[in-house]
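Here's the structure we're looking at; comments come further down.
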Amino acid sequence: MRTSLSGDLRKNLLCAGSSALMLAFAHVHAELWFLALFALVPFLWRLGSIDRRQAPLLGMMLATIYLVATSAGRLPVAPLVFLSELAALNTAFAVFGFAINRLSVRMGFNPVLIALIWFPLGLLLAQVVNLGDLLLIEQAGPELLLGFGSLAGILLWSSIFVLFNGLILLLARYFKRQLFRRPSVRRAVLRRIYIPAQVLPLSVRWAIIPSRRAPPSLS
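Quick note: the sequence shown uses numbering that gives the first Met the number 0, first residue 0, plus one each step.
This is how it looks when you write it as structure tokens:
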């Protein structure tokens with residue numbers, strides 16, 4: 000039981016952490032704005048394989064890692080502001096994760112519903128702690144996105160970013176089902192993965208082992 004819990008915790012941390020760090024990089028580095036287009040994919044994927052008790056915790060993991068990565072320097076300067084942002088972001092993503100998990104169980108995975116769920120949560124973040132542009136990197140990206148400076152425009156585009164993440168995951172699941180539908184295709188794919196996975200370590204080992212040297216000449 001303990002091994003299962005630790006395994007789930009590692010998977011949750013990996014998925015929430017990777018999503019949070021991609022969002023953080025997209026927010027901090029203007030040239031990496033495109034990461035927001037698929038940053039939520041690991042988070043959404045993990046929500047489909049956990050129960051309703053873990054779903055809010057997964058959202059809180061994402062929120063905490065994101066805020067620490069982007070705003071940890073403000074904690075000594077303005078601790079109350081940091082803590083209020085942390086509380087609001089944790090609440091929003093806990094509700095977001097729980098709602099997606101429950102809707103996925105009852106109605107299946109639906110990217111449109113996921114985007115609609117995010118819209119009021121984004122409005123809450125914008126009104127309470129000015130984090131409405133979390134999923135829309137306002138200072139970067141194409142000129143078209145920069146033209147939507149109003150709150151409604153920001154929330155609309157952030158919901159579109161969420162929709163795009165959901166569509167990517169839906170497309171990936173579709174291709175996975177199609178790819179592994181036939182046993183022959185599955186064996187062929189696994190063979191292509193297995194052989195390089197076995198050959199590469201041997202190649203590296205062969206490259207780093209020095210070749211045998213002949214004994215020194217007596218002349």
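Idealized CB from N, CA, C, for every residue including glycine.
Would Q126 be called buried (16 or more neighbouring beta carbons within 10 Å of its own) or exposed? Counting from one through the sequence shown, the residue named residue 126 turns up at place 127. Burial call: exposed.
Starting from N109, follow the alpha helix (DSSP H) in both directions and report where the run begins and ends. Taking the first residue of the sequence shown as position 1, residue 109 is located at position 110. If you look at N109, you'll find it isn't in any alpha helix (DSSP H); DSSP assigns it neither H nor E.
Going by beta carbon distance, what residues of the same chain come within less than 6 Å of S158, once the five residues before and after it are set aside? As a first step, residue 158 must be located in the sequence shown, where it is residue number 159. The residues are A114, W117, F118.
Would G58 and F92 be called neighbours here (beta carbons separated by less than 8 Å)? Locating residue 58 in the sequence shown gives position 59, counting from the first residue. Locating residue 92 in the sequence shown gives position 93, counting from the first residue. Taking the C-beta atoms as reference points, F92 is found nearer than 8 Å to G58.
When DSSP labels each residue in this structure, what does L39 get in the three-state scheme? In the sequence shown, the residue the question calls residue 39 occupies position 40. Correct three-state label for L39: coil.
Just to confirm my understanding: we take S17, look at its own chain, exclude 5 residues before and 5 after, and list those with CB closer than 7 Å. What are they? Here residue 17 corresponds to residue number 18 of the sequence shown, with the count starting at 1. These residues qualify, in order along the chain: P41.
Roughly how many angstroms separate the alpha carbons of L12 and I64, rounded to a whole number? Numbered from its first residue, the sequence shown carries residue 12 at position 13. Numbered from its first residue, the sequence shown carries residue 64 at position 65. Cα to Cα, the separation comes out at about 10 Å.
How long is the line joining the alpha carbons of A15 and A54, rounded to whole angstroms? Locating residue 15 in the sequence shown gives position 16, where the first residue counts as 1. Locating residue 54 in the sequence shown gives position 55, where the first residue counts as 1. Cα to Cα, A15 sits roughly 11 Å from A54.
Considering just the uninterrupted stretch of the alpha helix (DSSP H) at V67, what are its terminal residues? As a working note, residue 67 is residue 68 in the sequence shown. Residues 53-70.
Residue nearest to M60 in terms of C-alpha spacing, selected from R73, L39, P75: As a position in the sequence shown, residue 60 is number 61, starting the count at 1. Residue L39 holds the alpha-carbon nearest to the alpha-carbon of M60 among R73, L39, P75.
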